[in-house]
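Numbering-wise, numbering that gives the first Met the number 0 puts 136 at position 137 of the sequence shown, and it's gapless, one number per residue. Even glycine gets a Cβ: it sits at the ideal position worked out from N, Cα and C. In this text the structure is predicted, and so the values were computed from the model without any measurement.
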Amino acid sequence: MPSAGTASRRAVQLAVLLSMLVFFVLQLVGALLPHAPLLIAASATGLALDLYLQHRDPGLVAVLGRIRFDVMVRQLLRDMLVLIGLLRQHGEGSLRGYAPIVGGLALFYGAHLACQVTAILVRRSRTLPFVTRNIDASGLHLTEAPPRLLARQHGRRLLRFAVPATAGLLVTAATEETLWGETGIGVALALAVAGTVHLASWLRPAKRIAGEQQALEWLDRWLAAYKPTVGMYFSGGTSSAYQANMWLSTLAALDGKPVIVLRERFMVQKIDATDVPIVCIPKVVHLMALEKSSLKMMLHPANSGKTSQVLRMPSIKHAFTNHGESDKLSSCNPYAKAYDEVWVAGPAARERYQLADIGVEDKDVVEVGRPQLAPIRPYEGPPAGAYTTVLYAPTWEGWDGNPGNTSVMLAGENIVRALLADPGVRLLYKPHPMTGSVDPRAGQANERIQAMVREANAARSGARPGPEAAAELARRTAELERLTTSSFRNSADEIERMLLQSTPEQGRAATVEAAMSDWEAAYWASLPEWEHQVITTARPALYSCFNASHLLISDVSSVVSDYLISEKPYAVANTSGMSEEEFRAGFPTVSAATILTPEAEGVAGLLAAVRDPGLDQLAAARAELKVQLLGPSDPPSLVRFNAAAQALAAKADERRARMDARAAESDIPAPRDGVATTETTEAPDAAPEAVTESAEEPVGSVSSGVG
Numbered sequence: 000m001p002s003a004g005t006a007s008r009r010a011v012q013l014a015v016l017l018s019m020l021v022f023f024v025l026q027l028v029g030a031l032l033p034h035a036p037l038l039i040a041a042s043a044t045g046l047a048l049d050l051y052l053q054h055r056d057p058g059l060v061a062v063l064g065r066i067r068f069d070v071m072v073r074q075l076l077r078d079m080l081v082l083i084g085l086l087r088q089h090g091e092g093s094l095r096g097y098a099p100i101v102g103g104l105a106l107f108y109g110a111h112l113a114c115q116v117t118a119i120l121v122r123r124s125r126t127l128p129f130v131t132r133n134i135d136a137s138g139l140h141l142t143e144a145p146p147r148l149l150a151r152q153h154g155r156r157l158l159r160f161a162v163p164a165t166a167g168l169l170v171t172a173a174t175e176e177t178l179w180g181e182t183g184i185g186v187a188l189a190l191a192v193a194g195t196v197h198l199a200s201w202l203r204p205a206k207r208i209a210g211e212q213q214a215l216e217w218l219d220r221w222l223a224a225y226k227p228t229v230g231m232y233f234s235g236g237t238s239s240a241y242q243a244n245m246w247l248s249t250l251a252a253l254d255g256k257p258v259i260v261l262r263e264r265f266m267v268q269k270i271d272a273t274d275v276p277i278v279c280i281p282k283v284v285h286l287m288a289l290e291k292s293s294l295k296m297m298l299h300p301a302n303s304g305k306t307s308q309v310l311r312m313p314s315i316k317h318a319f320t321n322h323g324e325s326d327k328l329s330s331c332n333p334y335a336k337a338y339d340e341v342w343v344a345g346p347a348a349r350e351r352y353q354l355a356d357i358g359v360e361d362k363d364v365v366e367v368g369r370p371q372l373a374p375i376r377p378y379e380g381p382p383a384g385a386y387t388t389v390l391y392a393p394t395w396e397g398w399d400g401n402p403g404n405t406s407v408m409l410a411g412e413n414i415v416r417a418l419l420a421d422p423g424v425r426l427l428y429k430p431h432p433m434t435g436s437v438d439p440r441a442g443q444a445n446e447r448i449q450a451m452v453r454e455a456n457a458a459r460s461g462a463r464p465g466p467e468a469a470a471e472l473a474r475r476t477a478e479l480e481r482l483t484t485s486s487f488r489n490s491a492d493e494i495e496r497m498l499l500q501s502t503p504e505q506g507r508a509a510t511v512e513a514a515m516s517d518w519e520a521a522y523w524a525s526l527p528e529w530e531h532q533v534i535t536t537a538r539p540a541l542y543s544c545f546n547a548s549h550l551l552i553s554d555v556s557s558v559v560s561d562y563l564i565s566e567k568p569y570a571v572a573n574t575s576g577m578s579e580e581e582f583r584a585g586f587p588t589v590s591a592a593t594i595l596t597p598e599a600e601g602v603a604g605l606l607a608a609v610r611d612p613g614l615d616q617l618a619a620a621r622a623e624l625k626v627q628l629l630g631p632s633d634p635p636s637l638v639r640f641n642a643a644a645q646a647l648a649a650k651a652d653e654r655r656a657r658m659d660a661r662a663a664e665s666d667i668p669a670p671r672d673g674v675a676t677t678e679t680t681e682a683p684d685a686a687p688e689a690v691t692e693s694a695e696e697p698v699g700s701v702s703s704g705v706g
């Protein structure tokens with residue numbers, strides 16, 4: 000069931016669309032009567048509304064295109080109704096006098112169509128079979144993009160160029176002087192022709208980028224020169240980039256030459272700041288270029304429909320690292336048996352796979368710890384100040400509809416209410432970014448919880464940091480944005496972004512890490528110690544919230560496993576319908592947790608144990624469970640992870656050596672891995688990518704990616 004806010008927005012959108020239709024009806028009435036004031040007012044207002052919507056809500060007017068009432072049909076109808084009004088005003092015998100106007104309009108729309116054809120040709124010529132970041136791609140003859148208005152926004156282009164024509168016609172309707180209409184149409188025609196000529200200049204050799212075959216040859220040369228050894232493969236939706244981003248620092252720290260391989264073009268700008276080269280290869284037939292490279296192994300933080308396409312390459316070894324571990328069934332997906340190895344944090348996950356009996360053999364499970372948990376600080380004792388900071392970080396509802404996945408719907412409001420009732424609690428509420436994406440009820444509960452937090456803050460007061468704290472945060476934010484965000488001009492396309500996002504400066508990763516640490520310190524220092532916080536932005540990151548908290552309340556998820564590295568107290572909400580005994584037996588990660596009921600019973604006792612370690616009966620259990628879930632502290636996780644990567648790469652080398660030896664023994668040239676796979680039919684999700692971008696793309700978008 001849609002929320003009140005969503006329903007209200009839909010009502011407004013429907014009203015706007017109906018208003019546009021009403022203006023066309025009024026135009027028709029004004030033209031047929033004829034009634035010049037009504038015709039002029041309805042025509043001008045309708046055009047103004049169309050122009051406004053093209054800028055503010057292009058998705059709304061795109062709905063009209065689905066019923067074959069797109070922007071060109073609307074504008075053509077608008078002009079035709081004005082012409083009918085003029086003819087009705089001055090009689091049918093005046094048609095000959097309006098011949099220049101009719102002919103001029105025909106030429107204008109012809110020029111618009113010519114510009115649209117040119118735009119399609121330009122976009123096709125500027126679409127490479129891959130996209131790169133952090134790579135010097137100057138060899139592809141990359142150039143700046145043409146103006147967005149000409150190349151990708153045909154709706155805005157038509158309406159803007161048509162303004163002089165429509166205005167001239169309306170002045171003619173008011174004054175009966177055809178010169179105004181002829182002049183307006185002449186200006187519109189000149190704009191359309193000039194735009195077409197300017198756009199066509201990108202088809203000249205001086206501005207054309209490399210063709211597909213030239214680009215693929217360049218990619219082969221780059222792979223041969225860079226010699227990648229370890230890659231991270233990722234494919235996913237717009238909200239899934241966090242699954243890959245959590246592994247960036249680990250990948251960059253491995254021995255060898257790392258590379259990130261993506262499959263969706265939009266994902267290139269979703270990857271966080273990194274110095275690791277990024278290559279996005281949408282089509283499976285082009286992906287096979289990796290098979291001829293020096294790449295030995297790939298890490299996979301997530302399963303996707305396109306993962307099978309890279310698993311076809313026998314010369315590359317594949318390790319499934321997942322993007323988090325929990326007791327949920329999704330952490331033991333049968334798909335895992337498709338990989339050469341499954342890398343887990345500690346003994347608990349190894350045991351989980353064997354108990355699940357999904358075909359993953361124990362010999363293929365490798366314990367590597369969780370290297371990215373290094374920034375999480377260990378337990379430093381009970382709260383020293385007046386406030387106990389509690390982090391409530393529930394997970395999302397998941398794909399299977401299990402009510403036990405997230406506590407937001409059944410327990411979230413009760414938990415937050417109990418925490419807010421304690422005057423000594425400072426709440427940090429950080430919901431999962433996908434909350435509400437499957438079950439709208441979760442999104443509604445999330446909105447209510449945020450409203451509760453805002454209401455509780457309104458009832459509190461206290462000292463606030465001085466203006467110098469806000470100034471320091473602003474300074475640190477600006478510095479971090481400069482280092483981690485690539486801002487592009489409105490007209491930039493992916494080719495221009497490739498040009499701008501070339502090889503990063505030496506040592507940039509260390510600079511970004513230091514800037515992030517300084518920003519986090521400034522962020523927490525800028526907040527009153529008594530004020531509750533709702534954190535839905537990417538910054539501060541979850542691990543920074545870990546460090547700021549004394550207690551975690553969450554669900555059965557990887558958040559719990561990660562938090563255990565600190566050995567701080569934690570609680571898990573039981574919304575599964577199981578008894579506490581069944582819940583603990585079914586989910587080992589909660590064995591050292593305080594279990595909260597949907598009614599949030601036990602919150603008061605939990606807070607008392609956090610404030611008085613003497614009441615904490617689970618400290619020893621947390622220390623033991625930490626080793627069980629995350630493995631030993633010595634050697635460090637990154638050392639074990641790197642050793643596993645080197646061992647798997649060695650297996651790839653051994654296989655290649657065996658293939659070469661067999662070929663030599665049989666006196667037959669060694670088969671080139673991947674040849675057979677390139678002849679297979681592409682999977683449906685590997686169909687050729689559309690070359691046209693949204694014609695109604697919002698103005699002023701800024702990428703959050705980093706060059």
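Per DSSP, what are the beta-bridge partners of residue 340 in this structure?
318
From 36, 573, 610, 99, residue whose alpha carbon lies closest to that of residue 177:
99
Throw me the rounded Cβ distance for the residue 414 and residue 602 pair, which I believe falls under 8 Å.
7 Å
Here's the rule I'm using: 16 or more other beta-carbon atoms within 10 Å means buried, otherwise exposed. How should residue 263 be labelled?
buried
What's the gap between the Cα of residue 397 and the Cα of residue 581?
21 Å
Kindly indicate which three-state DSSP category residue 132 falls into: helix, strand or coil?
strand
Please say whether residue 429 and residue 594 have beta carbons closer to each other than 7 Å?
no
Under 7 Å, do residue 275 and residue 643 count as touching if we go by C-beta distance?
no
Presumed contact (8 Å Cβ cut-off) between residue 106 and residue 97, rounded CB distance:
Not really, about 14 Å apart at Cβ, beyond 8 Å.
Strictly by DSSP, which residues pair up with residue 297?
230, 317
Should the region 386 to 402 be called in touch with the region 549 to 558, which here means at least 3 C-beta pairs below 8 Å?
yes
Tell me which same chain residues have a C-beta within less than 6 Å of the C-beta of residue 138, skipping the five on either side of it?
217
Proximal residues to residue 339 (C-beta, below 6 Å), its chain only, five neighbours per side dropped
316, 317
DSSP three-state call for residue 512: helix, strand or coil?
helix
Give every residue of the same chain whose Cβ lies closer than 8 Å to the Cβ of residue 678, excluding the five residues on either side of it in the sequence, and list them in chain order.
Only weak support exists for where residue 678 lies, its pLDDT of 38 falling under 50; the value from the coordinates is given anyway. Answer for residue 678: no residue qualifies.
Return the first residue and the last residue of the beta strand (DSSP E) that residue 569 is part of.
569 to 572
Considering only C-alpha positions, which residue in the set 518, 498, 530 is nearest to residue 134?
498
Alpha-carbon to alpha-carbon, residue 265 and residue 477
25 Å
Three Cβ pairs or more, each shorter than 8 Å: is that satisfied between the region 563 to 579 and the region 351 to 358?
no
The alpha helix (DSSP H) enclosing residue 543, as first and last residue numbers:
541 to 547
Where does residue 366 fall in DSSP's three states?
strand
Please name the residue in 479, 657, 455 whose C-alpha comes closest to that of residue 272.
479
Alpha carbon of residue 649 to alpha carbon of residue 296, nearest angstrom:
9 Å
Report yes if the CB atom of residue 195 is closer than 7 Å to the CB atom of residue 279, and no otherwise.
no
Can you tell me where the alpha helix (DSSP H) holding residue 119 begins and where it ends?
98 to 124
Exposed or buried, which one is residue 466 when buried takes at least 16 other CB atoms within 10 Å?
exposed
Report, in whole angstroms, the separation of the C-beta atoms of residue 185 and residue 102, which I expect to be a contact under 8 Å.
Not confirmed; about 11 Å, so no contact.
Along the beta strand (DSSP E) that carries residue 192, what are the first and last residues, could you check?
No beta strand (DSSP E) holds residue 192; the alpha helix (DSSP H) holding it covers 177 to 199.
Going along the chain, which residues of its own chain have a beta-carbon closer than 7 Å to the beta-carbon of residue 725, five neighbours each way excluded?
Given a span of 0 to 706 for the chain in the structure shown, any question on residue 725 remains unanswerable.
Is residue 448 helix, strand or coil by DSSP?
helix
Which same chain residues end up closer than 8 Å to residue 549 when comparing Cβ atoms and leaving out the 5 residues on each side of it in sequence?
381, 382, 387, 388, 389, 567, 568, 609
Are there 16 or more other CB atoms within 10 angstroms of the CB of residue 683, so buried, or fewer, so exposed?
Low per-residue confidence applies at residue 683: pLDDT is 39, beneath 50, and the placement is therefore not dependable, though the value from the model is reported in the following sentence. Burial call: exposed.
What is the rounded straight-line gap between the Cα of residue 655 and the Cα of residue 314?
7 Å
Residue ranges of each alpha helix (DSSP H) within the region 466 to 510, 4 or longer:
466 to 483, 493 to 499
Could you tell me how far apart the beta carbons of residue 146 and residue 490 are, in whole angstroms, since I believe they sit closer than 8 Å?
5 Å
Nearest-angstrom beta carbon gap, residue 205 and residue 88 [assumed within contact, 8 Å]
Contact doesn't hold; Cβ gap of about 51 Å is too wide.
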